[in-house]
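See structure below.
Below is the structure:
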């Protein structure tokens, strides 16, 4: 690991100390544009020409050839003037939201060094939070951009599904896979995301309502609720009569519970993960860390005959969300249900109950189910431990959401 | 190859004679529903548990393990009552629109035995046209459902991008990859497609206008123009004042040419193909048939620095199409620019000029660029050689398009 290649202006932590990178190198810009002068890291699920894409697992690394081309998203960033400085650590095969890799370690969460950075884009979030890069490329299927953004106190963007190229990115669950961005500021987040979305400007959108989802706030720990009170109050003041408390029942769930989204989400995700990774796992018999092995056991236990009904449920929810959210509308909810878990204190993976994972997925699966864009804003902290707040918009209104997030950033300073 | 397993009611050709299948077997329904009593084939780019997905190339077959799960789309069809009877031949790695596989031969086009079936879903189209299955699963990136549907005289559906699960399907160019259906009738097409789309019924859509694109008709061979005159006249009579002649300039192209779509399309597609298949090709050094080898040479020659600008152009076109097409609107154009080429008379791959391929891509890339759903209707023939006509709808209006195609089928009988 060579520290001397990374020189962003605001570096506060050495590269080796961060444990954010699996490899560092220098890839020069291939053009000039809105990202001139910025540097970025790439989650090691995404191809950089000449490097093996390791996907966070040594058996994967050993059993795959090197990439011969940059992923399309990497190409877009280089073409827009940014330089790439390395590949970042992730959870094994991107299948965790914690950020502790059994083989490669836990990237530093510099704002809360005794806590996990969140995953699976752990190294990308850490590199941004440590000031080693201006922004980082990552993927978000279940929350792998949004959760580490919240845990590490940086900005995170998950796009509408289907609007950023996934060529050169290892699939996990294609129905939900997206390319996202983590960044040190709302401005950098928007600049990088707009390059990836291939749109130059915001379509004119009449500002709509902001729906503050009461069940989402009721779901989170009391201390997180407390930390978000003031930021939400400022948003409500800013939006005035256009801010309203909303219920999940208005958004199309058929029960008084956010879990209706995550139950549906998990069935589809697990079925797709088995389709994407099952053959390789059966053939290569990789060693996994204990948490990831347990997650893959859940995947293998799924009765695939449940998938068709889950997909129908997903389309009903998605249609309801589409009907409810008008152009210019925003949804406001916490990004995560709790502070980042302490290192080594990993909450067990399960999809139901009141533990960390089920509540987390209840919050993050809304964007997955609805194909919606979401930004996690680093608006608060509890004794220095970061707490994120999320805004979502209608499918396809990514540029509007990014510009709105930029315009609101000042509220929380 | 065991013929005795396939017994659809209207079989006209023996399985071996069709050369449509790479393997036949019997996979029972996993449930009961709208597809009860129907049987289907699966393009061998799509996983069936226990079988290797060969992707039309022997080196691929030899270098990959067997699938451990059915692709999600296969699971949906089995769950809805259909039974699967085999895997169908395709062009190597799905990267051709002709349907001649150097290693596995050319599936029979029963309506025009001296002509190619079209690709890359050659076996799926042949199996349907030969009456060996009621419908077939296929993929469509550049036209791999629509072109063989037109050539073989069957119904073909390409969905809106992002609405049918691609888990368990080998990626070619993810920005454009879709799962589609070929079927012997509009009714079966709609039933199977609605199962895959996970929607039960059609959202109420006010019938809109039908835009007959004049440059698309001007682009095709005179005999194809002639064959489509009467079907288009019947459509115009049916729609009355809501039928209108339209120009590509209204659809957002910046030149008076359909080629503006296909030029943009090809740059993105080739970049994504290299990202998806380049590392394997470099490592496995597969033997390719001469046509496919030439196509991969084009991919390797692409200057990837053109990709960012092409993606921006794509989003401009896509937005223009979205603005132009209102809910309930249809676009009407020929599916292909010429009759199916004669076997062995393969037109050379190129992306510009007035040859078969550039004109074909000029027609098929509209759906890819705009993420639009498209149905190819088997409405005409020239001395028995089939000619298809296409209808497209707004992104997300797949159910409306399928129901409309069903309701129009009688016009062409």
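Protein chains in written order, with the numbering used here: chain A, 1 to 413; chain B, 1001 to 1413.
Don't be surprised by glycine CBs; every beta carbon is placed ideally from N, CA and C.
Cβ of residue i within 7 Å of any chain B Cβ
| i | result |
| --- | --- |
| residue 238/A | no |
| residue 30/A | yes |
| residue 191/A | no |
| residue 233/A | no |
| residue 166/A | yes |
| residue 87/A | no |
| residue 65/A | yes |
| residue 123/A | no |
| residue 202/A | no |
Interface flag, residue i vs chain A, CB-CB below 7 Å
| i | result |
| --- | --- |
| residue 1403/B | no |
| residue 1175/B | yes |
| residue 1395/B | no |
| residue 1342/B | no |
| residue 1307/B | yes |
| residue 1158/B | no |
| residue 1074/B | no |
| residue 965/B | The structure shown does not extend to residue 965/B, since chain B is modelled only from 1001 to 1413, so the question has no answer here. |
| residue 1001/B | Caution applies to residue 1001/B, whose pLDDT of 38 falls short of 50 and renders its modelled position unreliable; the model cannot decide the point. |
| residue 1367/B | no |
| residue 1285/B | no |
| residue 1282/B | yes |
| residue 1209/B | no |
| residue 1146/B | no |
| residue 1311/B | yes |
Nearest-angstrom Cα separation, counted from residue j out to residue i
| i | j | result |
| --- | --- | --- |
| residue 367/A | residue 246/A | 17 Å |
| residue 404/A | residue 135/A | 19 Å |
| residue 138/A | residue 1241/B | 50 Å |
| residue 1062/B | residue 1209/B | 51 Å |
| residue 969/B | residue 1226/B | Given a span of 1001 to 1413 for chain B in the structure shown, any question on residue 969/B remains unanswerable. |
| residue 53/A | residue 294/A | 23 Å |
| residue 1381/B | residue 298/A | 53 Å |
| residue 1039/B | residue 1280/B | 34 Å |
| residue 342/A | residue 328/A | 38 Å |
| residue 1244/B | residue 1232/B | 11 Å |
| residue 1058/B | residue 71/A | 26 Å |
| residue 963/B | residue 1199/B | Residue 963/B lies beyond the stretch modelled for chain B, which goes from 1001 to 1413, so this question has no answer here. |
| residue 320/A | residue 314/A | 10 Å |
| residue 1489/B | residue 1236/B | Shown here, chain B extends from 1001 to 1413; a query on residue 1489/B therefore has no answer. |
| residue 1221/B | residue 187/A | 52 Å |
| residue 1288/B | residue 1296/B | 9 Å |
| residue 123/A | residue 1407/B | 54 Å |
| residue 149/A | residue 31/A | 28 Å |
Other residues of its chain near residue i: CB distance less than 6 Å, five sequence neighbours each side excluded
| i | result |
| --- | --- |
| residue 1372/B | 1392 and 1395 |
| residue 1143/B | 1097 and 1364 |
| residue 1317/B | 1252 and 1369 |
| residue 325/A | 394 |
| residue 239/A | 210 |
Extent of the continuous beta strand (DSSP E) run through residue i
| i | result |
| --- | --- |
| residue 211/A | 210 to 213 |
| residue 86/A | 83 to 88 |
| residue 1382/B | 1374 to 1382 |
Span of the alpha helix (DSSP H), counted from its first residue to its last, around residue i
| i | result |
| --- | --- |
| residue 326/A | Run containing residue 326/A: none; DSSP gives neither H nor E here. |
| residue 1156/B | Element bounds for residue 1156/B: not the alpha helix (DSSP H) but the beta strand (DSSP E), 1155 to 1158. |
| residue 1416/B | It is not possible to answer for residue 1416/B, since the shown part of chain B is limited to 1001 through 1413. |
| residue 224/A | 222 to 239 |
| residue 1138/B | Note, residue 1138/B: premise wrong, no alpha helix (DSSP H); beta strand (DSSP E) at 1135 to 1139. |
Own chain residues within Cβ distance below 8 Å of residue i, not counting five before or after
| i | result |
| --- | --- |
| residue 1028/B | 1078 and 1083 |
| residue 1410/B | none |
| residue 290/A | 102 |
| residue 1067/B | 1047, 1048, 1049, 1050, 1051, 1052, 1053 and 1168 |
| residue 162/A | 371 |
| residue 1330/B | 1208, 1209, 1210, 1211, 1391, 1392, 1393, 1401 and 1404 |
Close Cβ partners of residue i (< 7 Å) along its chain, the five nearest in sequence each way excluded
| i | result |
| --- | --- |
| residue 1202/B | 1399, 1400 and 1403 |
| residue 1009/B | Summary for residue 1009/B: the model assigns pLDDT 48, below 50, so the residue's position carries little reliability; its value from the coordinates is reported in the next sentence. Nothing listed; no residue qualifies. |
| residue 1045/B | 1053, 1055, 1090, 1094, 1139, 1169 and 1170 |
| residue 1265/B | 1361, 1365, 1368 and 1369 |
Decide if the stretch 1191 to 1201 of chain B is in contact with the stretch 1171 to 1182 of chain B; the criterion is three or more beta carbon pairs, one per stretch, under 8 Å apart. yes
Cβ pair count under 8 Å reaching 3, the stretch 1154 to 1167 of chain B against the stretch 269 to 276 of chain A: yes
Using 8 Å as the Cβ pair cut-off and three pairs as the minimum, do the stretch 105 to 112 of chain A and the stretch 212 to 227 of chain A touch? no
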